[in-house]
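Just so we're aligned, residue 102 is where the sequence shown starts under my numbering, counting upward by one. C-beta: ideal position from N, C-alpha, C; glycine also. Values in this document were obtained by computation on a predicted structure and should not be read as measured data. Written below as structure tokens is the structure these notes are about.
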Amino acid sequence: METPVRFALFPPSKGEPMDEKNNVPLDELLSYLDAQVRRNLNIYASTLPFEQKDEIIQDARLRIIRYSKKYDIEKDKGWKALIQKKSRGYVLDYIRGRKGFMESKLGSDEQKSDEQDGQTPKPYTKRVSTTGVGPDGEDILERVIDSKHHCDLKSNLDQANWDLISRMAFHDPLIHIVAKRILGFSQDELATIFRVSRERISQCEREFREKLDSPDYIKSRWVAQTIYAFGLSDQYHQNTGDLGIGYEYEPVDLMSDSDNYLEQISPQLSFDLGEAH
């Protein structure tokens, strides 16, 4: 059982307000921040050692206190949404800044191991596991696939091939949108990332479902591979298995929420979301 997180820095003073305005009391603010940081750690970095998780929480506390000294965090101004956004950003910032124990280290260590074994090094791709699935991932998947497909969605997500999904997402905007939704991105966040309206994001989710359910589309090898990649073969009574397509594309970073996300995966990106119609 994991040792409870210790909060050596910035212990809250009971009921202490941040200033004389209607701001959130410091203890309430930090308590909510702690919970949100832990939630995001479970989503994005569940395998980190306790010490590093503790470091992230302490760093988040420091940053939000610095922020609160510059800006009011008022009770009636949607402060929880602000903390949710910032806590997610703090965790992702920390992960990006510590690639030594995350992506880069994983790739280099695996390559060294392969070389030592006399094997051809496997191409490194950013990895997403089911530990990275957002807290509403199963609900998102349930809404995206037709409701007639009764299934254990947690089991489906356990079977998802995220490396393949990240590659197919390079070519297919519907896969790209749905994958990021399952991983915890809201429609509003994706609208900002892809520079389209929220309605267009919602429409993409519907189009994804329609493709998977259409008698015409279901004959498509690409759609069959999509069903396989998301672990939905049993629900769609498909026994084609891995068709071996989609691997030719470069993997995209499905966890990225960068403002220049489209530039990062361009110029080879082969789709245009367009706008809702």
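Residue nearest to residue i in terms of C-alpha spacing, selected from the options
i: F331; options: Y191, R162, R140, A270; result: A270
i: I184; options: S169, Q339, Q304; result: S169
i: I81; options: D343, A261, L313; result: What the structure shows of the chain is the stretch from 102 to 378, and residue 81 is not part of that stretch, so it cannot be assessed.
i: D44; options: L291, S303, W323, L142; result: The structure shown does not extend to residue 44, since the chain spans only 102 to 378, so no value can be given for it.
i: W180; options: V125, G285, K281, E152; result: V125
i: D160; options: D317, G190, D335; result: G190
i: V192; options: A325, Y318, R140, T341; result: R140
i: D314; options: S303, T293, K281, Y337; result: Y337
i: L163; options: K187, L149, T148; result: K187
i: K320; options: Q304, S303, N340; result: N340
Collapsed DSSP secondary structure at residue i in the structure displayed
i: N81; result: Only positions 102 to 378 of the chain appear in this structure, which leaves residue 81 out of reach.
i: E175; result: strand
i: G190; result: helix
i: Q137; result: helix
i: D358; result: coil
i: I346; result: coil
i: R322; result: helix
i: Q336; result: coil
i: P352; result: coil
i: L284; result: coil
i: L149; result: coil
Contact check, residue i vs residue j, beta carbons under 8 Å
i: V279; j: E306; result: yes
i: D358; j: E290; result: yes
i: M356; j: Y145; result: yes
i: I100; j: V138; result: As shown, the chain starts at 102 and ends at 378. That puts residue 100 outside it, with no answer to give.
i: S303; j: Q288; result: yes
Exposure label - residue i; buried when at least 16 CB within 10 Å
i: A136; result: exposed
i: F295; result: buried
i: Y172; result: exposed
i: F286; result: buried
i: A182; result: exposed
i: G347; result: buried
i: L344; result: exposed
Indicate whether the contact test is met: 3 or more Cβ pairs, each with one atom in the stretch 329-347 and one in the stretch 292-312, closer than 8 Å. no
Report yes or no: do three or more beta-carbon pairs, one from the stretch 345-360 and one from the stretch 264-281, lie closer than 8 Å? yes
Does the count of Cβ pairs from the stretch 169-178 and the stretch 131-150 closer than 8 Å reach three? Output reads no: the stretch 131-150 does not touch the stretch 169-178.
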